[in-house]
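Chains as they are written, first to last, in our numbering: chain A, 378 to 535; chain B, 470 to 898. For each residue, glycine too, the CB sits at the ideal point set by N, CA and C. Because the structure is a prediction, the values reported are computed rather than measured.
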Ligand SMILES: Cc1cc2nc3c(=O)[nH]c(=O)nc-3n(C[C@H](O)[C@H](O)[C@H](O)COP(=O)(O)O)c2cc1C
Ligand code: SF4
Ligand code: FES
């Protein structure tokens, strides 16, 4: 099924198009808008829909899309659980935490759980190293985690 | 002497909003600056000896002087990409004191004659971005941004730009590419951004902390600012303390503060009564130093450079004696391999090789000659690329291998960690 931006989405993209010195600067913000409307990921249909609204070649949008890790190239669960496994977090057991979360949710990294709720990823430093270990779930940070507190938080996400 | 400049009011919730900020000295220095000659401000910043807080420590006033002396439009970009592992100070500054940054930026923009600035914030920082956007609206409403600021005739517009997940966008020319709507790939220097940057116009890129500090140089004057720190490393700095310490967090201390004091006094010492083994003193790109070296280290640019490492972003990562250095190096090589933008062969291939070799050792498949191979590969990555990421990936490897060689050799011989006694797979389950 082809993807189309909502009216609200088109309005936002148009705002971004006139916000910066160049039109191309609107690609990143518009990809965020479109990704949100497409349940958290971006595919070719999304790129083409944006290309039409923005009047920028799809190849150019695609190039930007592929470069940045916050744009998901595959389907993700409703809650995208991103555990930082960089150094300060690793020193505080973040890799064990990430493995624990996968084990408890009976899933593997980067896969969507059968109920569609979760995808667990290991990510690089999120600038929260003083409150390690930590995870980002969608837009929010959860810090100073233990295995128990992380699972309690996740189980409460509906 | 009281050594808190930037963070003096960070404990006050009201400091986040414009009213509370103004109650505590906010925007007074903007008013003062707008009555000065721009060149006077540049001279004051030069005289203060302020050095860039983003990593390289380049003198700020000198950088500003590289701008062409003509009426050509120029941009000010605030680097809030904060991706250097271990660093979380800019996030605190934006969350706790958005107006402090905005005020520092308007003063800086006036000094360099820029009518437009952007704060480039890493995309994951949703909350800091929302705080900044609100604060910018407040500043417009109060007449600190927009046309004819405080009746001075100076116009300035400011906006926030969100990144989308790429460490390399913290490199100043990578950031410029990203802001221009392209892949965040660094560009060859020269030309330096001050001559040809954003949209090929002269552009100054400075870190959050650098720009915020400008306010205090105007407030106190260069000479008073120099009372903090040393001759060559003047001022105060925020250090992001993390790892195996009791009280991790951001601490503002004068430069040249003893590293061991930061760990034991501010940081409350080691966690779980363990012993200090090593410290990475300036973010993941800085070579590691041993516990014995930590005793002698002070937190200034010269002392750490003299020890073969660097102050970098001020991220002090503390490692205790229960940690396996081969394992920790694997974390770092993975990071740099993931973040290399791929433009330069030595970096693209080198980061891949480093990561492969360290992980083959971790998986028990290492050979003794692999340790030398690591050093050889790292050596070949230095000083040959468009940006400094390649060096940043090589230096930690060289320091880990030379300072903790016994751990690498043991791992190769026995197929398990000397410290943990277990294999890689056993370590993390
Ligand atoms: C790979 C790489 C990543 C960098 N990341 C950052 C960063 O996240 N924040 C930052 O302020 N500077 C970063 N820098 C340094 C910038 O290129 C630039 O020197 C700095 O923003 C200049 O500001 P300053 O003089 O105020 O420090 C990075 C440099 C490199 C090579
Ligand atoms: S050194 Fe690495 S990160 Fe920097 S431009 Fe070259 S390939 Fe990209
Ligand atoms: S190392 Fe995990 S947030 Fe920085």
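Out of B:861, B:859, B:810 and B:877, point me to the one whose CA is closest to residue 842 (chain B)'s CA. When each option's Cα is compared against that of residue 842 (chain B), the closest is B:877.
Out of A:502, A:511, A:506 and A:508, state which residue places its alpha-carbon closest to the alpha-carbon of residue 805 (chain B). For the options A:502, A:511, A:506 and A:508, the alpha carbon positioned closest to that of residue 805 (chain B) is the one of A:502.
Buried or exposed, going by whether 16 or more other CB atoms sit within 10 Å of the CB of residue 891 (chain B)? exposed
For chain B, is any of its Cβ atoms less than 8 Å away from the one on residue 511 (chain A)? no
Under 6 Å Cβ to Cβ from residue 717 (chain B), same chain only, skipping five residues before and after it: list those, please. 710 and 711
For residue 820 (chain B), count the other beta carbons within 10 Å of its own beta carbon; 16 or more makes it buried, fewer makes it exposed. Which is it? buried
Straight-line Cα distance separating residue 751 (chain B) from residue 572 (chain B): In this structure, the alpha-carbon of residue 572 (chain B) lies about 27 Å from that of residue 751 (chain B).
Using 8 Å as the threshold, is the C-beta distance between residue 465 (chain A) and residue 509 (chain A) below it? The Cβ atoms of residue 465 (chain A) and residue 509 (chain A) sit closer than 8 Å to each other.
Could you tell me how far apart the beta carbons of residue 549 (chain B) and residue 588 (chain B) are, in whole angstroms, since I believe they sit closer than 8 Å? 5 Å
What residues from the segment 398-410 of chain A come within 9 Å of chain B, judged by C-beta to C-beta, listed N to C? 398, 399, 400, 401, 402, 403, 404, 405, 406, 408 and 409
Candidates B:708, B:645 and B:723, of which the one nearest residue 694 (chain B) by Cα: B:723
Check the Cβ-Cβ distances between residue 463 (chain A) and every residue of chain B, and say whether any is below 8 Å. yes
Under 8 Å between C-beta atoms of residue 484 (chain A) and residue 471 (chain A): no
Cβ atoms of residue 579 (chain B) and residue 503 (chain B): under 8 Å apart, would you say? yes
Which residues, in order along the segment 704-726 of chain B, keep a beta-carbon less than 8 Å from a beta-carbon of chain A? Listed by position, the residues of the segment 704-726 of chain B near chain A (Cβ gap below 8 Å) are 709, 710, 711, 712, 713, 717, 718 and 719.
Which bits of chain A does residue 594 (chain B) rub up against, with CB to CB less than 8 Å? 504
Alpha carbons only, please: which of B:623, B:586 and B:560 is nearest the one belonging to residue 594 (chain B)? B:560
Measure the Cβ-Cβ separation of residue 732 (chain B) and residue 757 (chain B) and say whether it is below 8 Å. With a cutoff of 8 Å on beta-carbon distance, residue 732 (chain B) and residue 757 (chain B) are scored as not near each other.
Does DSSP put residue 828 (chain B) in a helix, a strand or coil? helix
Please confirm whether residue 635 (chain B) has its beta-carbon closer than 8 Å to some beta-carbon of chain A. The beta carbon of residue 635 (chain B) falls within 8 Å of a beta carbon belonging to chain A, placing the residue at that interface.
Taking 7 Å as the cut-off, is the beta-carbon of residue 478 (chain A) closer than that to any non-hydrogen atom of ligand 3? In this structure, residue 478 (chain A) has its CB at a distance of at least 7 Å from all heavy atoms of ligand 3.
Nearest to residue 542 (chain B) by CA position, among B:707, B:665, B:574 and B:618, is which residue? Of the candidates B:707, B:665, B:574 and B:618, the residue whose Cα lies closest to the Cα of residue 542 (chain B) is B:665.
Residue 855 (chain B) (DSSP reduced to helix, strand or coil): coil
Is there a Cβ from chain B that is less than 8 Å from the Cβ of residue 529 (chain A)? no
Cβ of residue 882 (chain B) less than 8 Å from any chain A Cβ? no
Kindly provide the chain-ordered list of residues whose Cβ lies closer than 6 Å to any non-hydrogen atom of ligand 2. Those residues, listed in chain order, are B:637, B:655, B:809, B:810, B:811, B:812, B:813, B:816, B:817, B:854, B:855, B:856, B:858 and B:859.
If I follow the unbroken alpha helix (DSSP H) through residue 877 (chain B), where does it start and stop? 874-883
Using a Cβ cut-off of 9 Å, which residues of the segment 785-798 of chain B contact any Cβ in chain A, in chain order? Taking 9 Å as the Cβ-Cβ cut-off against chain A, the residues of the segment 785-798 of chain B that qualify are 786, 787, 788, 789, 792, 796 and 797.
I need the DSSP call for residue 843 (chain B), collapsed to helix, strand or coil. It is helical.
Can you tell me where the alpha helix (DSSP H) holding residue 502 (chain A) begins and where it ends? Where residue 502 (chain A) is concerned, there is no enclosing alpha helix (DSSP H), given that its DSSP letter is neither H nor E.
Does the segment 471-488 of chain B touch the segment 670-684 of chain B, meaning 3 or more C-beta pairs lie closer than 8 Å? yes
According to the Cβ coordinates, are residue 782 (chain B) and residue 523 (chain B) closer than 8 Å? yes
Please report the straight-line C-alpha distance between residue 513 (chain A) and residue 608 (chain B), rounded to a whole angstrom. 30 Å
Determine, for residue 554 (chain B), whether the minimum Cβ-Cβ distance to residues of chain A falls below 8 Å. Cβ-Cβ to chain A under 8 Å: yes for residue 554 (chain B).
Measure the beta-carbon distance from residue 701 (chain B) to residue 770 (chain B) and round it to whole angstroms, keeping in mind my assumption that it falls under 8 Å. 7 Å
Just to confirm, is the Cβ distance from residue 430 (chain A) to residue 531 (chain A) under 8 Å? no
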